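Peer 1: In the numbering used here, the protein residues as written are 76 to 402.
Ideal Cβ placement from N, Cα and C applies to all residues, glycine included.
Small disclaimer: the values here were computed from a predicted structure and weren't measured.
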């Protein structure tokens, strides 16, 4: 299938970690007509604003990477905002894309769509088979609704209007553009900050919550961007062969997971911290394992390229850039 590098592509959420990585990937592949709008220019929860944008720009493709995201604290404190904002953003963008003739759209979800106790590795058919993790249920419900929204437009308008809206579900992401906030960040950026600060302070040890035994999977964000563009460029027959009309999402993972203890030692090495690492077993561990089954995507011909050691080194370089902005 020949690619049209001049087609107009709208990347929603281009300033976020994933959206900015998608823009980097598209530009590296030679796409020249990329449309972007920051939040100050267009509020995606505003139906009229989104309608005006699509009427003006009329993109050929849409990457739906915009979302309200946050860690456990933010999800617990602002559940109303997490479900309302994400539902509104998705509904507005997907519907206006359809109304204005967009045939190709990619919706980006999250591994939290799967039940808290889903069998490991988590396959696509685990969706809606059990209860969600309570701490991020509103966000997960919104993401599940996004998948079903895309599926519903495909089912109703696929044949008559050529609608082809796809969904990808990434595992835990890290890399350039991450949030390194000391309280609201996810595990890798949080550990990068803690080990960096411990190194600067010459602290004798760093204490990590829990036993260190739970296992997690991590994917470098530029690999996620590459997978997103790969899935968008797939011939429809190839995508359809790995999905079902009412189970149309595809997992995107690294392919293996590691313990939190192994991760902590890897981050310490990446940051150059040489002190002791102690695990506080009085603190909770969380789910014992969260690992994505990415075999469908692998069968389509895509695999992650950036291993954790290299990815952490690149992420630490990015952290230095972020820190220097605030010095």
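Entirely within the region 329-401 and at least 3 residues each: give me those beta strand (DSSP E) ranges in chain order.
Peer 2: Those beta strand (DSSP E) runs which fall completely within the region 329-401 and span 3+ residues are 351-355.
Peer 1: Helix, strand or coil for residue 235? Go by DSSP, reduced to three states.
Peer 2: Of the three classes helix, strand and coil, the one that applies to residue 235 here is helix, per DSSP.
Peer 1: Determine whether the beta carbon atoms of residue 300 and residue 327 lie at a separation below 7 Å.
Peer 2: Result no, Cβ atoms of residue 300 and residue 327 do not sit closer than 7 Å.
Peer 1: How would you write the range of the alpha helix (DSSP H) that residue 161 sits in, first residue to last?
Peer 2: Its alpha helix (DSSP H) spans residues 154-174.
Peer 1: Near residue 174, which residues of its chain fall below 8 Å by C-beta distance, leaving aside the five closest residues on each side in sequence?
Peer 2: 126, 129, listed in sequence order.
Peer 1: When burial is assigned at 16 or more other CB atoms within 10 Å of the CB, is residue 378 buried or exposed?
Peer 2: Per the 10 Å Cβ criterion, exposed.
Peer 1: From residue 194 to residue 311, what distance separates their C-alpha atoms?
Peer 2: One C-alpha to the other measures close to 29 Å.
Peer 1: Which full runs of the alpha helix (DSSP H) of 4+ residues lie inside the region 115-158, going along the chain?
Peer 2: Within the region 115-158, the complete alpha helix (DSSP H) runs of at least 4 residues are 122-132, 147-152.
Peer 1: Within the chosen definition, does the region 361-378 reach the region 189-209 through at least 3 CB pairs nearer than 8 Å?
Peer 2: Contact holds: three or more Cβ-Cβ distances are below 8 Å.
Peer 1: Is it right to say residue 247 is buried, meaning 16 or more other beta carbons lie within 10 angstroms of its own, or is it exposed?
Peer 2: Buried, by the Cβ-count rule.
Peer 1: Given this structure, state the Cα-to-Cα distance separating residue 226 from residue 115, to the nearest angstrom.
Peer 2: One C-alpha to the other measures close to 30 Å.
Peer 1: Could you tell me the boundaries of the alpha helix (DSSP H) in which residue 192 lies?
Peer 2: Element bounds for residue 192: n/a, residue is neither H nor E.
Peer 1: Skipping 5 residues on each side, what residues in its chain have a beta carbon closer than 8 Å to that of residue 304?
Peer 2: If we look at residue 304 and ignore the five residues flanking it on each side, its Cβ neighbours are 97, 100, 101, 104.
Peer 1: Report, in whole angstroms, the separation of the C-beta atoms of residue 250 and residue 297, which I expect to be a contact under 8 Å.
Peer 2: Right, their Cβ atoms sit about 6 Å apart.
Peer 1: CB residue 86 to CB residue 111, shorter than 7 Å?
Peer 2: Cβ distance < 7 Å, so residue 86 and residue 111 count as in contact.
Peer 1: If I measure Cβ to Cβ from residue 329 and keep anything under 7 Å in the same chain, skipping five residues before and after, which residues do I get?
Peer 2: For residue 329, where only same-chain residues beyond five positions count, the Cβ hits under 7 Å are 246, 292, 293, 294, 379.
Peer 1: Using the three-state DSSP reduction, which class does residue 101 fall into: helix, strand or coil?
Peer 2: Residue 101: helix per DSSP, three-state reduction.
Peer 1: Buried or exposed: which applies to residue 382, given that a residue is buried once 16 or more other Cβ atoms fall within 10 Å of its Cβ?
Peer 2: It counts as exposed.
Peer 1: What do you reckon, are the CB atoms on residue 83 and residue 121 nearer than 7 Å?
Peer 2: Their beta carbons are not under 7 Å apart, which means residue 83 does not touch residue 121 by this criterion.
Peer 1: Would you decide whether residue 199 is buried or exposed? Buried here means 16 or more other CB atoms lie within 10 Å of its CB.
Peer 2: With 16 or more other Cβ atoms within 10 Å, it is buried.
Peer 1: Would you kindly work out how many angstroms separate the C-alpha atoms of residue 151 and residue 264, rounded to a whole number?
Peer 2: Straight-line Cα distance between these residues: approximately 20 Å.
Peer 1: Roughly how many angstroms lie between the CA atoms of residue 387 and residue 235, to the nearest whole one?
Peer 2: One C-alpha to the other measures close to 47 Å.
Peer 1: Between which residues of its own chain and residue 113 is the CB-CB distance below 7 Å, once the five residues before and five after are set aside?
Peer 2: Contacts found: 90.
Peer 1: Leaving out five residues before and five after residue 287 in sequence, what residues of the same chain have Cβ atoms less than 7 Å from its Cβ?
Peer 2: Taken in chain order, the residues that qualify are 334, 335, 336, 339, 354.
Peer 1: Taking buried to mean at least 16 other C-beta atoms within 10 Å of its own C-beta, is residue 148 buried or exposed?
Peer 2: So residue 148 counts as exposed.
Peer 1: Where in the region 200-244 do unbroken runs of the alpha helix (DSSP H), each at least 4 residues long, occur, reported from the N-terminal end onward?
Peer 2: Qualifying alpha helix (DSSP H) stretches, in chain order: 212-236.
Peer 1: Using only the alpha-carbon positions, how far apart do residue 345 and residue 274 sit?
Peer 2: About 11 Å.
Peer 1: Could you give the residue range of the alpha helix (DSSP H) that holds residue 179?
Peer 2: Element bounds for residue 179: not the alpha helix (DSSP H) but the beta strand (DSSP E), 179-183.
Peer 1: Buried or exposed: where does residue 356 fall if 16 or more other Cβ atoms within 10 Å of its Cβ makes it buried?
Peer 2: Per the 10 Å Cβ criterion, exposed.
Peer 1: Using the C-alpha atoms, what's the distance from residue 124 back to residue 414?
Peer 2: A query on residue 414 cannot be resolved here, the shown segment of the chain reaching from 76 to 402 and no further.
Peer 1: Pull up the distance between the alpha-carbon of residue 140 and that of residue 342, whole angstroms please.
Peer 2: Using only the alpha carbons, I get a separation of about 27 Å.
Peer 1: Excluding sequence positions up to five away, which residues of its chain have a Cβ less than 6 Å from the Cβ of residue 277?
Peer 2: Correct list: empty, nothing qualifies.
Peer 1: Could you work out which residue in 168, 146, 184, 396 is closest to residue 177 when comparing CA atoms only?
Peer 2: Cα-wise, what sits closest to residue 177 is 168.
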